[in-house]
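Q: With our numbering, you'll find the sequence shown wraps up at 439, consecutive numbering, no jumps.
Sending over a structure as structure tokens; questions will come in a sec.
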Amino acid sequence: MSRPPRFYLLRPYVVIAAGILLIGLALDSVLLWVLPSQTQDNAQRYAQSFALVESVLLENGSSPDAIASRFADVQGAMEKALALPVLLFETMDLQGQEDFIEALSSGEIIPFTDSDSRSTLYKRIADTGQVLAIGPLPKEPISLHWLENLVIASYYVLVALLLLLWIRPFYRDLGALRSAASQFGREDFTTRVEVAQNSSILPVAQSFNRMAERIQYLVTAHRELTNAVAHELRTPLARFKFSLEMLSKSKQEERATNYLKEMRGDVQELEILIDEMLNYAKLSEENLQLHRSAIPLQAWLKGQLASYKGVSPRVSCERISGAQLGEVMFNADLMARAIHNIVRNCLRYAESEIRVCCGIEGERVSVSICDDGPGIPEQYHQSIFEPFARLDSSRDRNSGGYGLGLAIAKRILERHGGNISVKNGPHKGACFSLSWPYN
1 MSRPPRFYLL RPYVVIAAGI LLIGLALDSV LLWVLPSQTQ DNAQRYAQSF
51 ALVESVLLEN GSSPDAIASR FADVQGAMEK ALALPVLLFE TMDLQGQEDF
101 IEALSSGEII PFTDSDSRST LYKRIADTGQ VLAIGPLPKE PISLHWLENL
151 VIASYYVLVA LLLLLWIRPF YRDLGALRSA ASQFGREDFT TRVEVAQNSS
201 ILPVAQSFNR MAERIQYLVT AHRELTNAVA HELRTPLARF KFSLEMLSKS
251 KQEERATNYL KEMRGDVQEL EILIDEMLNY AKLSEENLQL HRSAIPLQAW
301 LKGQLASYKG VSPRVSCERI SGAQLGEVMF NADLMARAIH NIVRNCLRYA
351 ESEIRVCCGI EGERVSVSIC DDGPGIPEQY HQSIFEPFAR LDSSRDRNSG
401 GYGLGLAIAK RILERHGGNI SVKNGPHKGA CFSLSWPYN
């Protein structure tokens, strides 16, 4: 199922948004994994030093005075051994830093970075109010600020790359669409837009191709119809011109009357031909609305064929063996025109009988009209439904018609969502098959 036109960019939008989100989350995870690990490494690195200093300070007892006295004795030795400053604070010395004091109450080593980016480690001595501090620690030989800048730059580069990967095929497909539109504007009506099935502009390309097919069909049909009309109109006009010229030269009243009669016949032929062409053109309109109604099929068909009663060859109406009958939805006026056009065509070639059979088979209505004439050569089974098509160009209008009857019948069936075809019967004659949806 194709996507609605207003949603055809939804998928690429979701892909781009999800891609940007994933890139941001991935790089953020890198920062959280790399940068905090350095601080955690310092706490772990000096955990044994804190344990050693704490055990030394608790040798003389855990009272504040004993710890302070012991710290004064060993501070120099500890700083020399650790090569770092070692300080002892009372909890009251950290007043105003309640959050920091609360963090120290857990007994963990807590890092603190001052305004000069120097890190000092703090730890509360167990069961006492003293806080032991080691630091400031020596700065890391390699600064991690470059990593933050690298991650930020990588974010923008990856987003730009993601947009490029999306825009490149999008731009390529738009270029194909633009090229096809340009060629189509130069009257190359065979031009079509070819894009991948996963293309973002696939609905646009499909709409363009449908439009191109329709325009190509209309232009081709217009050219063929124009050429055919010019050919068909030329003959009666030439006869009319000839009769008019002879009328001006004729001095015999009887001959002049004959010329006038022929001219009236030519005018009547032109009127009928123009009427047929207008009907054919009307059936080609896309906005033509069919007013359908439920009609009993066999009763209606018998009523249409009643006008051929007493005509030779005989026209009979039968039911297709095994098929059901009932009410069918169709436009009675248009379908009657299609039936009469085919029956009149069969009357020209049938020898003794024309059989019309009807029925409902499955979801479709079937009507067959067969004659016992010479039949139609197989190579003409498609072309006879084209406008102004005649099997024998030597026959005049009295025997061959105008060549629009079967073309009009075909258009009527197409308007009903059906089709019409012809084949030769098992013994002789042509058999026209009409079919359209039951509902």
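Ideal Cβ placement from N, Cα and C applies to all residues, glycine included.
Source: prediction; values computed, not measured.
So what's residue 101 in DSSP terms, helix, strand or just coil?
A: Three-state result, residue 101: helix.
Q: Count the other CB atoms within 10 Å of the CB of residue 211; is the residue buried (16 or more) or exposed (fewer)?
A: Residue 211 should be labelled exposed.
Q: Could you tell me the distance, in whole angstroms, from the CA atom of residue 107 to the CA atom of residue 49?
A: If I take the Cα positions, the gap works out to 15 Å.
Q: Decide if residue 341 is buried, meaning its Cβ has at least 16 other Cβ atoms within 10 Å, or exposed.
A: Label assigned to residue 341: buried.
Q: Let's see if you can read the secondary structure: which residues bound the beta strand (DSSP E) around residue 93?
A: Here residue 93 belongs to no beta strand (DSSP E), and DSSP marks it neither H nor E.
Q: What is the rounded straight-line gap between the Cα of residue 411 and the Cα of residue 333?
A: Residue 411 and residue 333: Cα-Cα distance of roughly 14 Å.
Q: If I follow the unbroken alpha helix (DSSP H) through residue 56, where does it start and stop?
A: Start and end: 47-57.
Q: In terms of DSSP beta bridges, what is residue 437 paired with?
A: Partner(s): 364.
Q: I need the straight-line Cα distance from residue 335 to residue 343, nearest angstrom please.
A: Taking the straight line from one Cα to the other gives about 12 Å.
Q: On the premise that residue 86 lies in contact with residue 134, defined as a C-beta separation below 8 Å, what is that separation, rounded to the nearest angstrom?
A: Rounded, the Cβ-Cβ distance is 6 Å, consistent with contact.
Q: If we call anything under 8 Å between Cβ atoms a contact, is residue 371 one with residue 430?
A: Yes, the Cβ-Cβ distance between residue 371 and residue 430 is below 8 Å.
Q: Using DSSP with H/G/I as helix, E/B as strand and the rest coil, what is residue 203?
A: The answer is helix: DSSP assigns residue 203 an H, G or I state.
Q: Please go through the same chain and pick out, in chain order, the residues whose beta-carbon is closer than 7 Å to the beta-carbon of residue 17, but skip the five residues on each side of it.
A: Excluding residues within five positions, none has a Cβ falling inside 7 Å.
Q: Ignoring anything shorter than 3 residues, give me the beta strand (DSSP E) runs that lie fully in the region 301-364, in order along the chain.
A: Within the region 301-364, the complete beta strand (DSSP E) runs of at least 3 residues are 314-319, 327-330 and 353-361.
Q: With C-beta atoms as the reference, is residue 240 less than 8 Å away from residue 277?
A: It is not a contact, given that the beta carbons lie outside the stated cut-off.
Q: Apart from the five residues on each side of it in sequence, which residues of its chain come closer than 6 Å, Cβ to Cβ, to residue 15?
A: Same-chain partners within the cutoff: there are none.
Q: I'd like the span of the alpha helix (DSSP H) that includes residue 374, first residue to last.
A: First-last for residue 374: undefined, no H or E at that position.
Q: Let me know the secondary structure DSSP gives residue 159 once reduced to three states.
A: Of the three classes helix, strand and coil, the one that applies to residue 159 here is helix, per DSSP.
Q: Is the beta carbon of residue 329 sitting closer than 8 Å to the one on residue 424?
A: In this structure, residue 424 does not lie closer than 8 Å to residue 329 by Cβ.
Q: For residue 112, which three-state DSSP category applies?
A: Strand at residue 112.
Q: To the nearest angstrom, how far is it from the Cα of residue 354 to the Cα of residue 184?
A: About 48 Å.
Q: Grab the span of the alpha helix (DSSP H) containing residue 74 for me, first residue to last.
A: That run of the alpha helix (DSSP H) goes 64-82.
Q: Between residue 350 and residue 373, which are expected to be in contact by the criterion C-beta below 8 Å, what is the C-beta distance as a whole number of angstroms?
A: Indeed, because the Cβ distance is near 5 Å, the residues count as touching under 8 Å.
Q: Kindly list the residues whose CB is nearer than 8 Å to the CB of residue 291, restricted to its own chain and excluding five residues on each side of it in sequence; keep chain order.
A: Result list for residue 291: 331, in chain order.
Q: Going along the chain, which residues of its own chain have a beta-carbon closer than 6 Å to the beta-carbon of residue 301, five neighbours each way excluded?
A: The residues are 317 and 358.
Q: Locate the beta strand (DSSP E) running through residue 409, then write down its first and last residues.
A: Note, residue 409: premise wrong, no beta strand (DSSP E); alpha helix (DSSP H) at 405-415.
Q: Mind reading off the beta-carbon distance from residue 366 to residue 435? Whole number of angstroms is fine, and I expect it under 8 Å.
A: Contact flag correct, Cβ pair sits at about 5 Å.
Q: Which of the three DSSP states is assigned to residue 126 in this structure?
A: It is coil, neither helix nor strand.
Q: Quick check on the burial criterion: 16 or more other C-beta atoms within 10 angstroms. Buried or exposed for residue 480?
A: Beyond the ends of the chain as shown, which are 1 and 439, falls residue 480; an answer cannot be given.
Q: Could you tell me which of 189, 196, 237 and 201 sits nearest to residue 216, measuring between CA atoms?
A: Looking at the Cα atoms, 189 is the closest of the given residues.
Q: Tell me which residue opens and which closes the beta strand (DSSP E) that residue 294 is part of.
A: Note, residue 294: beta strand (DSSP E), 293-296.
Q: State the DSSP-derived secondary structure class of residue 132, mapped to helix, strand or coil.
A: Note: residue 132 maps to strand in three-state DSSP.
Q: Report yes if the CB atom of residue 297 is closer than 8 Å to the CB atom of residue 260, and no otherwise.
A: No.
Q: Whole angstroms are fine: how far does the CA of residue 187 sit from the CA of residue 223?
A: The straight-line gap from Cα to Cα measures roughly 13 Å.
Q: Enumerate in chain order the residues of its own chain whose CB-to-CB distance from residue 101 is below 8 Å, with the five nearest sequence positions on each side excluded.
A: Closer than 8 Å at Cβ, skipping near neighbours: 91 and 94.
Q: So, helix, strand or coil for residue 189, using DSSP?
A: Correct three-state label for residue 189: coil.
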